[in-house]
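Residue numbering for the sequence shown follows the numbering used here, beginning at 40 and increasing consecutively. Idealized CB from N, CA, C, for every residue including glycine. The structure displayed is predicted, hence computed values, not measured ones. One structure is given below, encoded as structure tokens.
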Amino acid sequence: MTTILITGGSSGIGLALSRAALRRGWAVRWISVDADEITRANAELADAFPGLDLDALCVDLTAPDAVERVLKWVKKTGTPDILVNNAGIGVYGAVSDIPPEREVAMFTLNISALHALTRAFLPLMEDRGGTIVNIASNSAFQPVPYMAGYAATKAFVRHYSLALDAELKEQGSKVRVMTVCPAAVKDTPFKGTAGMDGLRTFESFTATTADEVARDIMRGLDSGKRFVVSGAKMRAAYVLAKFAPAALVQAIVRREVEKA
Ligand SMILES: NC(=O)c1ccc[n+]([C@@H]2O[C@H](COP(=O)([O-])OP(=O)(O)OC[C@H]3O[C@@H](n4cnc5c(N)ncnc54)[C@H](OP(=O)(O)O)[C@@H]3O)[C@@H](O)[C@H]2O)c1
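Here it is as structure tokens:
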């Protein structure tokens, strides 16, 4: 049976992906920070999927001992076939208005924790093979004013994951890294937590849903993809943007991050 471990699995994209995995009869593992949220989401899935194989570890991935705790848990529960580095937060606003500690907390989760888990799971997966799915964002494609730090974390995820995957392929590794760039997702708590409620991008024609992202991730896994732009309309915009002047793309992005 396939086992999928999803960080941030108890909410938003992670929860939608969990449902998609359970529909296939896969075993699901979560790492999330909020114990109440884990209990609530677990109960919801238990109703919908009787006999589900679901196990969760409640840990703050920004804590210094987080990876150690994760590895201890995985030793008991088994190495997953698929690791999805999905847990992430955003911060919206002018850099001058954001306390630097909030940016650092975001860098620690979005970059350092993703990096640490990727490095920790690679050797575990090497023998049997597996896939590491790293969730970036459409904000990884260009600098984004008023989401400066967030977009920079996602640019890191995109570049690091694509380069690592190219190295692994060249080395004949059985591990693949799939980079996923979702468009703005309308129906997850992310935008509220990030202070992004009311931004045009969540109402834009390219906006997507957690279920659509989960579907695109599953299709990417099935077809052995290494790079997935998620949201059908975002994929079209991504292709068009390649032919548009950079200044025009930047102007559109600037408008997207305004409050409507
Ligand atoms: N929403 C969008 O518009 C959008 C667009 C592109 C990319 N993304 C990316 O997609 C990913 C998922 O976003 P989402 O929209 O599904 O957001 P979400 O619903 O807010 O989910 C975020 C998840 O991360 C977990 N998390 C937060 N801080 C954590 C920590 N310190 N340690 C462990 N887990 C932690 C949360 O756990 P708890 O539930 O326990 O709090 C939650 O399950 C993020 O990486 C985000 O950057 C989102």
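For SER71, which beta-bridge partners are listed by DSSP? Your numbering for residue 71 matches position 32 in the sequence shown. In DSSP, SER71 forms a bridge with CYS97.
Any 3 or more C-beta pairs closer than 8 Å across the segment 120-135 and the segment 166-177: yes
Separation of ALA152 from ALA280, as counted between CA atoms: Numbered from 1 along the sequence shown, position 241 holds the residue referred to as residue 280. Numbered from 1 along the sequence shown, position 113 holds the residue referred to as residue 152. Spanning the two alpha carbons is a distance of roughly 31 Å.
Roughly how many angstroms separate the alpha carbons of LEU93 and ALA80, rounded to a whole number? Walking along the sequence shown from the start, residue 93 turns up at place 54. Walking along the sequence shown from the start, residue 80 turns up at place 41. Looking at the two C-alpha atoms, the distance is approximately 11 Å.
In angstroms, rounded to a whole number, what distance separates the CA positions of VAL134 and LYS115? Along the sequence shown, read from residue 1 onward, the residue named residue 134 stands at position 95. Along the sequence shown, read from residue 1 onward, the residue named residue 115 stands at position 76. Spanning the two alpha carbons is a distance of roughly 43 Å.
Counting C-beta neighbours from all protein chains within 10 Å, is the total for SER262 16 or more, i.e. buried, or is it exposed? Here residue 262 refers to the residue found at position 223 of the sequence shown. Exposed, since its Cβ has fewer than 16 Cβ neighbours within 10 Å.
Start and end of the alpha helix (DSSP H) containing LEU238? Within the sequence shown, numbered from 1, the residue matching residue 238 stands at position 199. Where LEU238 is concerned, there is no enclosing alpha helix (DSSP H), given that its DSSP letter is neither H nor E.
Among the residues of its own chain, which have a CB less than 8 Å from the CB of ALA190, if the five just before and after it don't count? Along the sequence shown, read from residue 1 onward, the residue named residue 190 stands at position 151. If we look at ALA190 and ignore the five residues flanking it on each side, its Cβ neighbours are SER176, SER178, ALA179, GLN181, PRO182, VAL183.
Go ahead and pull the three-state DSSP assignment for ALA286. Mapped onto the sequence shown, residue 286 falls at position 247. Helix at ALA286.
Coarse secondary structure for THR192, derived from DSSP in three states: For this step, residue 192 is matched to residue 153 along the sequence shown. Helix, per DSSP.
Using a Cβ-based criterion (distance less than 6 Å to any ligand heavy atom), does LEU148 qualify as near ligand 1? The residue you call residue 148 lines up with position 109 of the sequence shown. It does: the Cβ of LEU148 is within 6 Å (strictly closer) of some heavy atom of ligand 1.
Should THR247 and ALA222 be called a contact, given that it needs their Cβ atoms to be closer than 7 Å? The residue given as residue 247 occupies position 208 in the sequence shown. The residue given as residue 222 occupies position 183 in the sequence shown. Cβ atoms of THR247 and ALA222: closer than 7 Å.
For LYS298, which of THR157, TYR131, GLY270 has the nearest alpha-carbon? To locate residue 298, count along the sequence shown from 1; it is residue 259. Cα-wise, what sits closest to LYS298 is TYR131.
Could you pull out every residue in the same chain whose Cβ sits closer than 8 Å to the Cβ of ALA74, ignoring the five residues on either side in sequence? As a first step, residue 74 must be located in the sequence shown, where it is residue number 35. CYS97, listed in sequence order.
Best match in LEU207, LEU61, PRO284 for proximity to ASP86 [C-alpha to C-alpha]: Sequence index remark: in the sequence shown, residue 86 carries index 47 (1-based). When only C-alpha atoms are compared, the closest one is LEU61.
Helix, strand or coil: how does DSSP classify MET257 here? For the purposes of this step, residue 257 is taken as residue 218 along the sequence shown, with counting starting at 1. If DSSP states are grouped into helix, strand and coil, MET257 belongs with the helices.
Beta carbon of GLY51, beta carbon of THR227: below 7 Å? By 1-based counting over the sequence shown, the position of residue 51 is 12. By 1-based counting over the sequence shown, the position of residue 227 is 188. Their beta carbons are under 7 Å apart, which means GLY51 touches THR227 by this criterion.
CA-CA distance, GLY270 and LEU56? Numbered from its first residue, the sequence shown carries residue 270 at position 231. Numbered from its first residue, the sequence shown carries residue 56 at position 17. Distance between the alpha carbons of GLY270 and LEU56: 14 Å.
Does the Cβ-Cβ distance between ILE43 and TRP69 come in under 7 Å? Taking the sequence shown and counting its residues from 1, one reaches residue 43 at position 4. Taking the sequence shown and counting its residues from 1, one reaches residue 69 at position 30. Their beta carbons are not under 7 Å apart, which means ILE43 does not touch TRP69 by this criterion.
So, do the segment 205-223 and the segment 234-253 have three or more beta carbon pairs nearer to each other than 8 Å? yes
Can you name, in chain order, every residue of its own chain whose Cβ lies under 7 Å from the Cβ of GLU209, other than the five neighbours on each side? Here residue 209 corresponds to residue number 170 of the sequence shown, with the count starting at 1. Taken in chain order, the list of residues that qualify is empty.
At what residue ranges does the segment 125-202 contain a whole run of the alpha helix (DSSP H), taking only runs of 4 or more? 139-146, 153-164
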